[in-house]
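Number of protein chains: 2
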Amino acid sequence: MPEDPSLAQLGEWDLIERLAAFAPAGQFSDDAAVIAPGGPVVVNTDVLVDGVHFSDATTDAVAAGWRTAAANLSDLAAMGCTEVIGLTVGLVAPGHTPWSWVEGAYRGLLACLQTHGGTLLGGDCSGGHQRMLAVTALGRLALDGRGEACAILRSAGLPGDVLVSSGPHGLSRLGLALLQQELGADLQARIPAELSQRARQCHTHPVPRLDVVGALHASRPLQRPWRVAGTDSSDGLAAAAAAIARESGCLALLDPDRLPLDPAMAWLPQAAQWCLSGGEDFELVLALEKEWADALIGRLPGCRRIGQLTEGTGDELLVDWVASTAAETNRLPALDMGGGYRHFG
Amino acid sequence: MPEDPSLAQLGEWDLIERLAAFAPAGQFSDDAAVIAPGGPVVVNTDVLVDGVHFSDATTDAVAAGWRTAAANLSDLAAMGCTEVIGLTVGLVAPGHTPWSWVEGAYRGLLACLQTHGGTLLGGDCSGGHQRMLAVTALGRLALDGRGEACAILRSAGLPGDVLVSSGPHGLSRLGLALLQQELGADLQARIPAELSQRARQCHTHPVPRLDVVGALHASRPLQRPWRVAGTDSSDGLAAAAAAIARESGCLALLDPDRLPLDPAMAWLPQAAQWCLSGGEDFELVLALEKEWADALIGRLPGCRRIGQLTEGTGDELLVDWVASTAAETNRLPALDMGGGYRHFG
Chain A
1 MPEDPSLAQL
11 GEWDLIERLA
21 AFAPAGQFSD
31 DAAVIAPGGP
41 VVVNTDVLVD
51 GVHFSDATTD
61 AVAAGWRTAA
71 ANLSDLAAMG
81 CTEVIGLTVG
91 LVAPGHTPWS
101 WVEGAYRGLL
111 ACLQTHGGTL
121 LGGDCSGGHQ
131 RMLAVTALGR
141 LALDGRGEAC
151 AILRSAGLPG
161 DVLVSSGPHG
171 LSRLGLALLQ
181 QELGADLQAR
191 IPAELSQRAR
201 QCHTHPVPRL
211 DVVGALHASR
221 PLQRPWRVAG
231 TDSSDGLAAA
241 AAAIARESGC
251 LALLDPDRLP
261 LDPAMAWLPQ
271 AAQWCLSGGE
281 DFELVLALEK
291 EWADALIGRL
301 PGCRRIGQLT
311 EGTGDELLVD
321 WVASTAAETN
331 RLPALDMGGG
341 YRHFG
Chain B
346 MPEDPSLAQL
356 GEWDLIERLA
366 AFAPAGQFSD
376 DAAVIAPGGP
386 VVVNTDVLVD
396 GVHFSDATTD
406 AVAAGWRTAA
416 ANLSDLAAMG
426 CTEVIGLTVG
436 LVAPGHTPWS
446 WVEGAYRGLL
456 ACLQTHGGTL
466 LGGDCSGGHQ
476 RMLAVTALGR
486 LALDGRGEAC
496 AILRSAGLPG
506 DVLVSSGPHG
516 LSRLGLALLQ
526 QELGADLQAR
536 IPAELSQRAR
546 QCHTHPVPRL
556 DVVGALHASR
566 PLQRPWRVAG
576 TDSSDGLAAA
586 AAAIARESGC
596 LALLDPDRLP
606 LDPAMAWLPQ
616 AAQWCLSGGE
626 DFELVLALEK
636 EWADALIGRL
646 PGCRRIGQLT
656 EGTGDELLVD
666 WVASTAAETN
676 RLPALDMGGG
686 YRHFG
């Protein structure tokens with residue numbers, strides 16, 4: 001067997017044996033995994049496909065694994081999970097794929113789990129034309145004093161709620177632009193090394209904001225029932241606000257003076273557009289009452305108010321700008337809620 | 346929009362909206378699914394890839410969906426689940442895929458859930474070079490009187506346990522042979538229409554044996570602690586027996602006079618080989634003490650004793666024949682434990 005055999009050289013059983021080394025002992029020895037008892041379980045599936053969600057040009061194997069796990073864990077955070085149970089991995093790859101790529105991807109998955117909790121629960125593997133990771137993550141919700149699950153729902157928003165972002169937006173899109181060398185040479189030369197490094201890191205190793213859920217619990221005003229609307233910003237900040245607005249039957253108003261830009265990239269011509277619809281920042285966008293929002297912002301560095309929910313739906317316009325005159329509205333960037341990607345394009 | 350648009354014509358959001366119609370109302374409106382409280386949860390992931398696990402030549406879209414769900418639910422049965430919670434689907438397909446194929450696959454998935462319980466919990470979709478369904482199924486175990494989870498584990502077998510098969514083996518492989526027209530014309534002409542129809546059905550619409558778990562509970566001798574070893578025969582009967590033997594530290598002895606053949610196909614030259622290693626019959630292969638095994642066989646039509654577990658491991662030989670002389674052993678077919686498929690070949 002060569003030092004870095006292909007999957008065809010390894011064969012399915014040897015491959016599974018090597019993958020089992022990433023899981024707790026005995027975890028791969030049955031048909032499926034039993035989950036330890038505890039609070040309400042949340043389940044989420046994300047599929048990442050080579051050439052669509054990652055590529056050798058921008059994402060090495062470890063980063064592909066990390067991003068796959070992080071995207072799933074971000075959805076668990078967006079549902080309000082306080083604990084990651086773990087994940088299963090459906091791996092598809094051509095037979096000529098070197099083991100080292102698979103090993104790197106699983107190292108990335110495991111590193112993300114070791115940082116944020118949870119274990120590799122199991123999975124399946126198959127040959128196929130294209131590398132692909134289908135990950136299902138399982139997490140747990142906390143129960144409140146009355147035994148109700150503390151879930152974050154897109155539909156839980158009410159008019160008057162404050163819209164909050166857990167962090168800045170646009171950095172991941174800048175990282176992608178740098179990795180793809182799509183910025184002109186002039187602009188690229190003006191990006192400070194610190195920003196460049198941070199933006200790439202943000203794109204290749206996004207951080208699922210499970211810590212925000214803990215901060216939400218800790219900042220909850222006394223005697224207040226659990227009611228938090230929210231989602232993650234994987235498809236972009238504007239799309240996240242639109243999803244909350246649509247499911248809550250409200251209109252989301254964003255404040256142009258409170259765009260959650262990273263100060264180091266605010267001078268870029270694309271900054272506002274990437275902030276609104278760059279996607280894959282994996283922050284949480286939340287709608288909650290003012291007192292709770294203020295307490296959360298006070299507790300969580302980087303968390304800021306970005307707008308509010310108001311009455312009024314409008315089938316088309318779910319996000320608009322807070323602006324008192326038409327002239328002001330016209331100077332603002334168009335709000336693209338379509339999501340950052342066309343997967344079937 | 347044409348009557349049967351391609352996924353590229355539909356776009357991701359319209360596609361998700363159409364897929365949501367297969368799930369309970371509101372199920373797709375959040376980042377992930379919350380599972381209702383209850384007994385211990387079991388999770389299993391299976392990936393089915395076009396050209397590897399199904400193909401237009403042998404499996405239409407509905408059958409591809411059904412088989413994907415059934416393969417997953419069979420793993421839940423093999424773990425001892427008494428209830429199917431539901432499943433998530435990671436769908437990958439090229440942009441030119443017609444909506445009708447996706448609709449057919451989801452119809453097949455849903456038909457399997459409607460027959461065996463559970464709902465569509467959520468999922469993800471992406472473009473890609475090849476159609477693929479990555480399904481994660483969730484089920485529940487019953488608790489015994491002492492609050493212990495009644496799981497079926499491959500490792501729970503003991504020397505002296507009776508090996509039981511929940512039904513005949515080889516029919517699915519015959520169905521595949523008929524669909525692929527790999528039998529010679531002479532042999533094919535001798536297959537009765539009833540057998541042909543049943544074998545094809547067995548291949549395209551396998552039945553996950555969740556009913557066996559109910560029968561196991563109902564036939565459990567009084568006061569007997571829960572101890573059942575087992576797995577499903579998705580990779581073949583011999584591979585299932587080998588898996589139990591390996592994880593239980595025993596040798597599995599199969600009785601050549603008790604091969605679980607379907608009587609209607611026993612005359613085929615390939616019958617014994619397909620029975621042992623054809624694969625994808627999705628029956629349960631169990632190891633349990635004699636009194637319980639007898640009660641189960643008495644209760645469950647088609648269930649039969651096929652051998653036993655004995656002391657002795659042997660690194661290579663995990664399944665052997667019950668045979669008193671070398672001459673007898675030599676007339677028996679070779680036991681192929683390699684699994685029916687080479688996914689990376």
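Taken in sequence, the protein lines are chains A and B.
Be aware that the first sequence starts at 1, since it is given in this note's numbering, and climbs by one per residue.
Be aware that the second sequence starts at 346, since it is given in this note's numbering, and climbs by one per residue.
We put the CB at the ideal spot given by N, CA and C, even for glycine.
Practice task
For residue 401 of chain B, count neighbouring Cβ atoms within 10 angstroms of its own Cβ and tell me buried if that reaches 16, exposed if not.
Solution key: Classification of residue 401 of chain B: exposed, given that the 10 Å Cβ count is below 16.
Practice task
Look at residue 98 of chain A and residue 4 of chain A and say whether their C-beta atoms are less than 8 angstroms apart.
Solution key: Taking 8 angstroms as the cut-off, the Cβ atoms of residue 98 of chain A and residue 4 of chain A count as close.
Practice task
Say whether chain A places a C-beta atom closer than 8 angstroms to the C-beta of residue 603 of chain B.
Solution key: Contacts with chain A at 8 angstroms (Cβ-Cβ) do not include residue 603 of chain B.
Problem - Cutoff 8 angstroms: residue 435 of chain B Cβ touching any chain A Cβ - result: Residue 435 of chain B counts as touching chain A.
Problem - Any chain B beta carbon closer than 8 angstroms to residue 105 of chain A - result: Not closer than 8 angstroms to any Cβ of chain B, the Cβ of residue 105 of chain A fails to qualify, so no.
Exercise for the section: Output yes if chain A places a C-beta closer than 8 angstroms to the C-beta of residue 576 of chain B; else output no. Expected result: The beta carbon of residue 576 of chain B sits closer than 8 angstroms to some beta carbon of chain A.
Practice task
Identify the continuous beta strand (DSSP E) that holds residue 70 of chain A and give its terminal residues.
Solution key: First-last for residue 70 of chain A: 61 to 79, but that is the alpha helix (DSSP H), not the beta strand (DSSP E).
Practice task
Taking only beta-carbon positions, decide if residue 340 of chain A is within less than 8 angstroms of chain B.
Solution key: With a pLDDT of only 42 at residue 340 of chain A, under the threshold of 50, the placement of this residue in the model should not be trusted; the figure read from the coordinates follows. Contact with chain B is absent for residue 340 of chain A, since none of that chain's Cβ atoms lies less than 8 angstroms from the residue's Cβ.
Exercise for the section: Go ahead and label residue 459 of chain B buried or exposed: buried means 16 or more other beta carbons lie within 10 angstroms of its beta carbon, across all protein chains shown. Expected result: Looking at its Cβ environment, which holds fewer than 16 other Cβ atoms inside 10 Å, residue 459 of chain B is exposed.
Exercise for the section: Starting from residue 40 of chain A, find everything on chain B with Cβ-Cβ shorter than 7 angstroms and list it in chain order. Expected result: Those within 7 angstroms of residue 40 of chain A in chain B are 379, 380, 382.
Exercise for the section: Tell me whether the beta-carbon of residue 123 of chain A lies closer than 8 angstroms to the beta-carbon of residue 85 of chain A. Expected result: The answer is no: Cβ separation not under 8 angstroms.
Exercise for the section: Give me the Cα-Cα distance between residue 388 of chain A and residue 484 of chain B, rounded to the nearest whole angstrom. Expected result: One cannot answer for residue 388 of chain A here, as it falls past the ends of chain A, which runs 1 to 345.
Exercise for the section: Would you decide whether residue 262 of chain A is buried or exposed? Buried here means 16 or more other CB atoms lie within 10 Å of its CB. Expected result: Around the beta carbon of residue 262 of chain A, a 10 Å sphere encloses 16 or more other beta carbons of the protein chains shown; the residue is thus reported as buried.
Problem - Length at least 3, wholly inside the stretch 470 to 539 of chain B: the beta strand (DSSP E) runs in chain order - result: The qualifying runs are 477 to 486, 507 to 510.
Problem - Residues that residue 475 of chain B contacts on chain A, provided the C-beta gap is smaller than 7 angstroms - result: Around residue 475 of chain B, the beta-carbon contacts reaching into chain A at under 7 angstroms are 128, 129, 130.
Problem - Chain-ordered chain A contacts of residue 390 of chain B [CB-CB under 8 angstroms] - result: What residue 390 of chain B touches in chain A: 88, 89, 90, 122, 123, 124, 134, 136.
Practice task
Determine whether the Cβ of residue 140 of chain A lies closer than 8 angstroms to any Cβ atom of chain B.
Solution key: No, residue 140 of chain A lies away from the interface with chain B (no Cβ there is under 8 angstroms from its Cβ).
Practice task
Kindly indicate if chain A contains any beta-carbon less than 8 angstroms away from that of residue 628 of chain B.
Solution key: Closer than 8 angstroms to the CB of residue 628 of chain B there is not a single CB belonging to chain A.
Practice task
Using a Cβ cut-off of 7 angstroms, pull out every chain A residue sitting near residue 498 of chain B, in sequence order please.
Solution key: Per Cβ cutoff of 7 angstroms: 30.
Exercise for the section: Could you list which residues in chain A have their beta carbon closer than 9 angstroms to that of residue 421 of chain B, in chain order? Expected result: Close partners of residue 421 of chain B in chain A (Cβ separation under 9 angstroms): 31, 32.
Handout entry: Beta-carbon neighbours of residue 247 of chain A, restricted to chain B and to distances below 7 angstroms
Key = What residue 247 of chain A touches in chain B: 374.
Exercise for the section: Identify every run of the alpha helix (DSSP H) within the stretch 624 to 671 of chain B, keeping only runs that are complete inside it and at least 4 residues long; order them along the chain. Expected result: The alpha helix (DSSP H) runs lying completely inside the stretch 624 to 671 of chain B and spanning 4 residues or more are 635 to 644, given in chain order.
Practice task
Please compile the residues from chain A whose C-beta is within a distance smaller than 8 angstroms of the C-beta of residue 424 of chain B.
Solution key: Listed by position along chain A, the residues whose Cβ is nearer than 8 angstroms to that of residue 424 of chain B are 30, 31, 32, 34.
Handout entry: Short CB-CB distance (under 8 angstroms) between residue 295 of chain A and chain B
Key = No, no contact with chain B.
Handout entry: Which residues DSSP lists as bridging residue 290 of chain B, in chain order
Key = Residue 290 of chain B lies beyond the stretch modelled for chain B, which goes from 346 to 690, so this question has no answer here.
Problem - CB of residue 420 of chain A within 8 angstroms of CB of residue 486 of chain B, strictly - result: Coverage of chain A is limited to positions 1 through 345, which leaves residue 420 of chain A absent and any answer about it impossible.
Practice task
For residue 96 of chain A, count neighbouring C-beta atoms within 10 Å of its own C-beta (all shown protein chains included) and say buried if the count is 16 or more, exposed if not.
Solution key: Counting other Cβ atoms within 10 Å of its Cβ, residue 96 of chain A stays below 16 and is therefore classed as exposed.
Exercise for the section: Measure how close the beta-carbons of residue 638 of chain B and residue 509 of chain B come, nearest whole angstrom, since I'm counting them as under 8 angstroms. Expected result: The Cβ separation is near 5 angstroms, so the contact holds.
Practice task
Could you tell me whether the stretch 263 to 275 of chain A touches the stretch 215 to 233 of chain A, using the rule of 3 or more Cβ pairs below 8 angstroms?
Solution key: Segments in contact, no.
Practice task
Taking residue 590 of chain B as part of the alpha helix (DSSP H), name the residues at either end of that continuous run.
Solution key: From DSSP, the alpha helix (DSSP H) with residue 590 of chain B extends over 582 to 593.
Practice task
Using a Cβ cut-off of 8 angstroms (strictly closer), state whether residue 49 of chain A contacts chain E.
Solution key: Protein chains A and B are contained in the structure displayed, whereas chain E is not.
Practice task
Assess, as a yes-or-no matter, whether the stretch 61 to 75 of chain A is touched by the stretch 6 to 21 of chain A under the definition of 3 or more beta carbon pairs within less than 8 angstroms.
Solution key: With the cut-off at 8 angstroms, the stretch 6 to 21 of chain A and the stretch 61 to 75 of chain A do not touch.
Handout entry: Helix, strand or coil at residue 556 of chain B according to DSSP, with G and I counted as helix
Key = Residue 556 of chain B sits in a helix when the DSSP states are folded into three classes.
Handout entry: residue 281 of chain A versus residue 254 of chain A - alpha carbon distance
Key = Looking at the two C-alpha atoms, the distance is approximately 18 angstroms.
Practice task
State the Cα-Cα distance for the pair residue 684 of chain B and residue 36 of chain A, rounded to the nearest angstrom.
Solution key: Note that residue 684 of chain B scores a pLDDT of 46, beneath 50, so its modelled location is shaky and nothing firm can be said.
Practice task
Compare the C-beta of residue 52 of chain A with all C-beta atoms of chain B and state if any pair is closer than 8 angstroms.
Solution key: Chain B, which has a Cβ nearer than 8 angstroms to the Cβ of residue 52 of chain A, makes this yes.
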